[in-house]
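Chemist: So in the working numbering, spot 34 of the sequence shown is number 45, and the numbers just go up one at a time.
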Amino acid sequence: MLNPPPFLPTKQRIRQAFDQAATTYDAAADVQREVSDRLAAHLIQIGGNLNPKAILDAGGGTGYGARQLQRRWPQAELTVVDFAPRMLDAARAQLEAALLICADIESLPIAGQSCDLYWSSLAWQWNDPQRCLAEARRVLKPGGALAVATLGADNFPELRHAFATLDDYHHVLTMPAPEYLLAICQDSDWEVWRWDRQPVRRYFPDLRTLLRSVKAVGAREVEQRRPTPLSRSAWQALIARYEALREPDGLPLTYDAVWLIAIRP
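Here it is, written out as structure tokens:
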């Protein structure tokens, strides 16, 4: 078993970040939609015979994944859990016939062995994956399916590079290595159907636009905040370091995406 991550961000900061991003999230979340689409494609490709009667979307945000699930299995009972109230408000406006619950996915207010499918797209990285997996196992029926998309440890390497020499603050969330998630899944006898790790990259015309995009989806720095804004000289140095990474399509920003589909023992 790999050692667990040494530090997890405070839930209060994460909740605040996503509450503040609720009104801008859908317009900026093209990476999040791509990751969710790939998770759905993996699930349909290898689990085409699945016919869940009860589905849980853990960390459902504004409901994009939940709408995919409703289109695929319109007769299933769908429960969406998220701990950012304003994200759930946005989901409520777009979902029909779904139960929405504001709660922490590390401690789900869901009865044991009550779900046939546990779905979570880009939520586990804000939590302890071992606790999330334990909760998924608790709420799933034996033989139930787990479909998770999360982020690996090599997330936003360009931002880490740009900030590396400017200060000692954490400007990118520290996340556990994805091998940690795979290890705890295998050690607890899940049947792994799919494990995939691929970079998802976007390009931006300038650094300000890039940072606004990160903030708009709630993925801004949540571990440690600078007490004061960057000075003009520090900002110029930051731009220069990031500009050194420019490619023909613009300034790159890379998400380290991970997809996992497994069956509960």
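No residue lacks a Cβ here, since even glycine has one placed at the ideal position from N, Cα and C. Since this is a predicted model, take the numbers as computed values, not measurements.
1. When you compare only the Cα positions, how much space is there between residue 51 and residue 213?
2. Taking only runs of the beta strand (DSSP E) that begin and end inside the region 63 to 126, which ones reach a length of at least 3 residues, in chain order?
3. What number of angstroms, rounded off, separates the C-alpha of residue 69 from the C-alpha of residue 46?
4. Confirm, please, whether the CB-CB distance from residue 204 to residue 272 is below 8 Å.
5. With a cut-off of 8 Å on the beta carbons, I'd call residue 65 and residue 106 a contact; round off their distance for me.
6. Where does residue 165 sit, in a helix, a strand or coil, going by DSSP?
7. For residue 95, which residues in the same chain have their Cβ closer than 6 Å to its Cβ, ignoring the five residues on either side in sequence?
8. Provide the residue span of the beta strand (DSSP E) that contains residue 256, from first to last.
9. Is it true that the CB of residue 98 sits closer than 8 Å to the CB of residue 175?
10. Does DSSP put residue 264 in a helix, a strand or coil?
11. Do residue 134 and residue 121 come within 8 Å of each other at the CB atom, strictly closer than that value?
12. So what does residue 190 bridge to, in DSSP terms?
Modeler: Inspection of the coordinates gives the following:
1. The alpha-carbon atoms of residue 51 and residue 213 are separated by roughly 21 Å.
2. Runs found: 65 to 69, 88 to 93, 109 to 113.
3. Straight-line Cα distance between these residues: approximately 15 Å.
4. Closer than 8 Å, so yes.
5. For a cut-off of 8 Å, the C-beta gap from residue 65 to residue 106 is around 16 Å, too long to register as a contact.
6. Reduced to three states, the DSSP call for residue 165 is coil.
7. Excluding positions up to five away in sequence, the list reads 26, 29, 30.
8. From DSSP, residue 256 is part of no beta strand (DSSP E); its letter is neither H nor E.
9. In this structure, residue 175 lies away from residue 98, with their beta-carbon atoms at least 8 Å apart.
10. If DSSP states are grouped into helix, strand and coil, residue 264 belongs with the strands.
11. Not closer than 8 Å, so no.
12. None; residue 190 has no bridge partner.
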